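Beneath this line is the structure, given in structure tokens, with notes to follow.
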Amino acid sequence: MSFPKRIIKEAERIVSDPVPGIIAKPHEDNLRFFDVIIDGPEGSPFEGGHFKLELFLPEEYPMMAPKVRFLTKVYHPNIDKVGRICLDVLKNNWSPALQIRTVLLSIQSLLESPNPDDPLANDVAEAWKEDSSKAIATAKEWTNKYAK
Amino acid sequence: MIQCEEYTYVDLPESLVCPICRGPLKEPRTTVCGHTFCRMCLFGALERSTERCPIDRKPICVNDIHPAPLIIMNLLSDLDVYCPFKENGCTNVGPKYVISKHVQEECEYAAIDCPYCRTTVLRKHVLELSEDFSGNSKAATAKVEDECPLHKEVACTACGAIMPAVDLSDHEQKCDKITAACPHCNGMFTAVNMGGHIQNCPKRMVSCSGRPYGCKKEDALLGEISSHEQTCVFASLRPAFEAQQIKIDKLEKENDMLHRKIDALVFLETQHPLSSDSDIFHLFSEQEHVRAELELVSSGLREFELRHSASLVAEARKNADEVNALRTAINGIRHQIHFLLVERRSMALHQQEPSASRRLSESRQDVKL
Ligand SMILES: [Zn+2]
Ligand SMILES: [Zn+2]
Ligand SMILES: [Zn+2]
Ligand SMILES: [Zn+2]
Ligand SMILES: [Zn+2]
Ligand SMILES: [Zn+2]
Ligand SMILES: [Zn+2]
Numbered sequence: 028m029s030f031p032k033r034i035i036k037e038a039e040r041i042v043s044d045p046v047p048g049i050i051a052k053p054h055e056d057n058l059r060f061f062d063v064i065i066d067g068p069e070g071s072p073f074e075g076g077h078f079k080l081e082l083f084l085p086e087e088y089p090m091m092a093p094k095v096r097f098l099t100k101v102y103h104p105n106i107d108k109v110g111r112i113c114l115d116v117l118k119n120n121w122s123p124a125l126q127i128r129t130v131l132l133s134i135q136s137l138l139e140s141p142n143p144d145d146p147l148a149n150d151v152a153e154a155w156k157e158d159s160s161k162a163i164a165t166a167k168e169w170t171n172k173y174a175k
Numbered sequence: 015m016i017q018c019e020e021y022t023y024v025d026l027p028e029s030l031v032c033p034i035c036r037g038p039l040k041e042p043r044t045t046v047c048g049h050t051f052c053r054m055c056l057f058g059a060l061e062r063s064t065e066r067c068p069i070d071r072k073p074i075c076v077n078d079i080h081p082a083p084l085i086i087m088n089l090l091s092d093l094d095v096y097c098p099f100k101e102n103g104c105t106n107v108g109p110k111y112v113i114s115k116h117v118q119e120e121c122e123y124a125a126i127d128c129p130y131c132r133t134t135v136l137r138k139h140v141l142e143l144s145e146d147f148s149g150n151s152k153a154a155t156a157k158v159e160d161e162c163p164l165h166k167e168v169a170c171t172a173c174g175a176i177m178p179a180v181d182l183s184d185h186e187q188k189c190d191k192i193t194a195a196c197p198h199c200n201g202m203f204t205a206v207n208m209g210g211h212i213q214n215c216p217k218r219m220v221s222c223s224g225r226p227y228g229c230k231k232e233d234a235l236l237g238e239i240s241s242h243e244q245t246c247v248f249a250s251l252r253p254a255f256e257a258q259q260i261k262i263d264k265l266e267k268e269n270d271m272l273h274r275k276i277d278a279l280v281f282l283e284t285q286h287p288l289s290s291d292s293d294i295f296h297l298f299s300e301q302e303h304v305r306a307e308l309e310l311v312s313s314g315l316r317e318f319e320l321r322h323s324a325s326l327v328a329e330a331r332k333n334a335d336e337v338n339a340l341r342t343a344i345n346g347i348r349h350q351i352h353f354l355l356v357e358r359r360s361m362a363l364h365q366q367e368p369s370a371s372r373r374l375s376e377s378r379q380d381v382k383l
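Taken in order, these protein sequences are the chains called Y and R.
For the first sequence, this note's numbering begins at 28 and goes up steadily by one.
For the second sequence, this note's numbering begins at 15 and goes up steadily by one.
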């Protein structure tokens, strides 16, 4: 199988020069698939958790955004039950000048600052808006239960 | 004709990399906001999204996209590329036009059509053969009417393996039935093992690896030098020195690149003198400022090099800090130059509104030339 130079370069760089708190490993047989682990940011309810994600580069990449999904359960207003992520750069704000590492960084910062006003998981967003300290406690509980 | 579409650059500065395909810029196009992409990459991106710059998302319109400034093309064509037959063993590097001539005319590792049969063969094998026939190609063709001298089957005299004649010399390098004597200890080794043995041959005379940095130890047998290197100050500093040298080389290259950018800017200035409004004076002074700063950087570099040769540990650490400071300064200059380029473009556009179409056709001619 042959891959565009850009994908090969990105895969090499993300392995040789990883972003702190993020590990991304391309599949040996298919460089378009990455196994990703993002560490919960310090000071957030996700601190101490290691969140597994899968990342796939579609045929049209970089003209189309990568497809990313959480595999670990997360209590977060912008991440739904099956791990889909509500993030502008993954949808209409994608630009081909963005890279895998910038996408993963955006996801890491989404963990740091949840945005209940632009929700994907409605029930979580509601809970977050009604009583944020209770929601944060639940998020911590889920982190301990699923992401350790 | 040997075709080569893609060359690999020896060291491609980030400023000449397309932000979309991450390869060297191909047919570069610049947007009004001053960002440059390959033509295909930019139009591909615009087709799929609303018409926004992929870098800063400023709205752009297809009519506002222009060929990149000529100096970008010049910089790209001046940079060294590898010979495309590097994988076959060619070590040639040079600017693109030099390498493309090298491939067409002389590269020994280029795959060409065998002059006798239709298979491909490395040019060096054809050259070796015509040397054997002392350049008399008529004799060569006459002799091989029925069998290609390059691709006929031959047997290794040592191990008896059968192979095409062109592969024999490579095989002899690897054949485990052919041995030769080590020049230091006279032990017998195959070609494959010889290299490794010579590295470790106890009878080999070597010099201390700290010699280039001032060690006075005489050449001696390998064992003696290894134990000397354990305690030799110069040998232990070698990695630090080498790392410094690499950094200096890189900075010099970067500096050289910036010099060329500035020369090109100055040249453009004399070619199309701008009218004297205050903005342009500002541009001039900015440019002078950049040049003065570059001068500073170069003299700083020279001084840095002198000090480096004093070869002291403390100095090495201090130098590292200085390198970082220089890098920041150069980065600053790079930003300024980028700003200047953008400024020029929009300035030229505003200023020559009425004769814009003439200018456009002129610049097209430039590109053709
Ligand atoms: Zn490109
Ligand atoms: Zn832009
Ligand atoms: Zn070559
Ligand atoms: Zn032949
Ligand atoms: Zn043999
Ligand atoms: Zn020996
Ligand atoms: Zn020494």
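Backbone N, C-alpha and C fix where the C-beta goes; we use that ideal spot for every residue, glycine too.
All values reported here derive from a predicted model rather than from experimental measurement.
(message) Along the chain, where does the alpha helix (DSSP H) containing M90 of chain Y start, and where does it finish?
(response) No alpha helix (DSSP H) holds M90 of chain Y; DSSP gives it neither H nor E.
(message) Measuring only from the beta carbon, is A205 of chain R closer than 8 Å to any heavy atom that is part of ligand 5?
(response) no
(message) Less than 8 Å separating the Cβ of A92 of chain Y from some heavy atom of ligand 7?
(response) no
(message) Please list, in chain order, the residues of the region 29–56 of chain Y that have any C-beta partner in chain R closer than 8 Å.
(response) When CB distances to chain R are screened at a threshold of 8 Å, the residues of the region 29–56 of chain Y falling below it are P31, K32, R33, K36, E37, in chain order.
(request) Taking the CB atoms as reference points, tell me whether V116 of chain Y and T99 of chain Y lie closer together than 9 Å. (result) no
(message) If contact is defined by three or more beta carbon pairs under 8 Å, each pair taking one atom from either stretch, is the region 146–154 of chain Y in contact with the region 64–73 of chain R?
(response) no
(message) According to DSSP, is R59 of chain Y part of a helix, a strand, or is it coil?
(response) coil
(request) Kindly say whether W169 of chain Y, judged by its beta-carbon, lies nearer than 9 Å to any beta-carbon of chain R. (result) no
(message) Quick check on the burial criterion: 16 or more other C-beta atoms within 10 angstroms. Buried or exposed for Q118 of chain R?
(response) By the beta-carbon neighbour count (other beta carbons within 10 angstroms, threshold 16), Q118 of chain R is exposed.
(request) Scan the region 114–128 of chain Y for residues whose Cβ lies nearer than 9 Å to a Cβ of chain R and list them as they occur along the chain. (result) Answer set for the region 114–128 of chain Y: N119, N120, W121, S122, P123, A124, L125, Q126.
(message) Suppose the cutoff is 7 Å on Cβ atoms and the five residues either side in sequence are ignored; what does the same chain contact list for T170 of chain Y look like?
(response) So the qualifying residues of the chain are G67, P72, F73, G75, G76.
(request) Express the C-alpha separation of R59 of chain Y and I34 of chain Y in angstroms, rounding to a whole number. (result) Rounded to the nearest whole angstrom, the CA to CA distance from I34 of chain Y to R59 of chain Y is 8 Å.
(message) Suppose the cutoff is 8 Å on Cβ atoms and the five residues either side in sequence are ignored; what does the same chain contact list for L272 of chain R look like?
(response) L308, I344, I347, R348, I351
(request) Can you give me the Cβ contacts of H103 of chain Y inside the same chain, cut-off strictly under 6 Å, excluding the 5 residues immediately before and after it? (result) P141
(request) Kindly give me the distance between the Cβ atoms of I126 of chain R and V140 of chain R, rounded to whole angstroms, as I take these residues to be in contact under 8 Å. (result) At roughly 7 Å, the Cβ-Cβ gap stays under 8 Å, so I126 of chain R and V140 of chain R are in contact.
(request) With a floor of 3 residues, list each beta strand (DSSP E) that falls wholly inside the region 73–159 of chain R, ordered by position along the chain. (result) 94–96, 107–109, 125–127, 134–136
(request) Might you give, ordered along the chain, the residues of its own chain that have their beta carbon closer than 7 Å to the beta carbon of L80 of chain Y, omitting 5 neighbours on each side? (result) V63, I65, V95, R96, F97, L98
(request) Using 8 Å as the cut-off, classify the Cβ of L164 of chain R as near or not near the heavy atoms of ligand 4, replying yes or no. (result) yes
(message) Am I right that V24 of chain R and Y96 of chain R are in contact with their C-beta atoms under 8 Å? What's the rounded C-beta distance?
(response) 6 Å
(request) Run down chain Y in chain order and give the residues with a C-beta less than 9 Å from the C-beta of P42 of chain R. (result) The contacting residues do not exist; P42 of chain R stays about 15 Å from chain Y at best.
(request) With 9 Å as the C-beta to C-beta threshold (strictly closer), list the residues of the region 85–107 of chain Y near chain R in chain order. (result) E87, P89, M90, M91
(request) Within 10 angstroms of the Cβ of C173 of chain R, are there 16 or more other Cβ atoms? Answer buried if so, exposed if not. (result) Of the residues assessed, C173 of chain R falls on the exposed side of the cut-off, its CB having fewer than 16 other CB atoms within 10 angstroms.
(request) Starting from H198 of chain R, follow the alpha helix (DSSP H) in both directions and report where the run begins and ends. (result) Here H198 of chain R belongs to no alpha helix (DSSP H), and DSSP marks it neither H nor E.
(request) Could you name the residues whose beta carbon sits closer than 6 Å to any heavy atom belonging to ligand 2, keeping them in chain order? (result) R:T45, R:C47, R:H49, R:C67, R:I69, R:D70, R:K72
(message) For a test of the three-state rule: what should DSSP assign to V220 of chain R, helix, strand or coil?
(response) In the structure shown, V220 of chain R sits in a strand (DSSP, three-state: E or B).
(message) Quick check: is any heavy atom of ligand 1 less than 8 Å from the C-beta of I35 of chain Y?
(response) no
(request) Go through its chain and collect everything with a Cβ distance to H211 of chain R's Cβ below 8 Å, but skip five positions before and after it. (result) Correct list, in chain order: C196, G201, F203.
(request) Anything with a beta carbon under 7 Å from a heavy atom of ligand 7 counts; list them all in chain order. (result) R:C222, R:G224, R:R225, R:C229, R:K231, R:H242, R:E243, R:C246, R:F248, R:A249
(message) Between Y:F30, Y:D158, Y:V42, which has its C-alpha nearest N57 of chain Y's C-alpha?
(response) Y:F30
(request) Taking all protein chains shown into account, decide if M208 of chain R is buried (16 or more other Cβ within 10 angstroms of its Cβ) or exposed. (result) So M208 of chain R counts as buried.
(request) Classify S290 of chain R as buried or exposed, calling it buried when 16 or more other Cβ atoms lie within 10 Å of its own Cβ. (result) Legend: pLDDT at S290 of chain R = 47, less than 50; position of this residue unreliable, value from coordinates given subsequently. It is exposed - the Cβ of S290 of chain R has fewer than 16 other Cβ atoms within 10 Å.
(message) Applying the 10 Å Cβ sphere with the 16-neighbour rule, what's the burial state of V101 of chain Y?
(response) buried
(message) ligand 6 and C189 of chain R: does the residue's C-beta get closer than 8 Å to at least one heavy atom of that ligand?
(response) no
(request) For R62 of chain R, decide whether its Cβ has a neighbour in chain Y, counting only Cβ atoms nearer than 9 Å. (result) Interface residue, yes.
(message) So for E167 of chain R, helix, strand or coil by DSSP?
(response) In this structure, DSSP gives E167 of chain R an extended state, which the three-state scheme calls strand.
(request) Rank R:V337, R:F248, R:L136 by C-alpha distance to the C-alpha of N269 of chain R and give the top, closest one. (result) R:V337
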